[in-house]
Amino acid sequence: MTAFDELNHRELERYVRRVSDRWPLDRALLGGARVADLRGAGAQRERGPEYVIVLVSEHFDGVPWLERVYVTGTLWDAYEMGAPADVHAYTPVEFERRRENLPAVRDAAEWGLELLPEHA
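Spelled out as structure tokens, the structure:
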């Protein structure tokens, strides 16, 4: 069983589909404390957000960042997933820049789960 199998993958797929209906996605990454738990991280640590979602789309270009984050955040079903998510929505260029200077984004990129099948 993989880490992905222990998560509510049906709801994760629906979430990606809801976002993709508005903005076609290049990447969708899932990180956060729950993914770290599944990957065997020790209990004695700073947990941080339960879920970190990093969405990358060239179609975010021209859309104000707060609007992207608000809309993609409202599409997350915290009840179904058991916790809210810290949502990040970037263009590819913004993603590369944020990956260098935001630990949550870097961790999701390095250790998170790819939610789009073509990147898995």
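Count along the sequence shown from 1, then add 157; that gives the number in the numbering used here. Cβ atoms here follow ideal geometry from the backbone N, Cα and C, with glycine treated the same way. From a predicted model like this one, the values you see are computed outputs, not experimental measurements.
- Counting the other Cβ atoms within 10 Å of the Cβ of L223 gives fewer than 16, which makes it exposed.
- Taken in chain order, the complete alpha helix (DSSP H) segments of 4 residues or longer contained in the segment 159-211 are 166-179, 190-195.
- If you draw a straight line from the Cα of L186 to the Cα of V209, it is about 8 Å long.
- In the assembly as shown, T248 is a buried residue. Its beta-carbon has 16 or more other beta-carbons within 10 Å.
- Sixteen is the threshold: since fewer than 16 other Cβ atoms of the shown chains lie within 10 Å of the Cβ of Y236, the residue is exposed.
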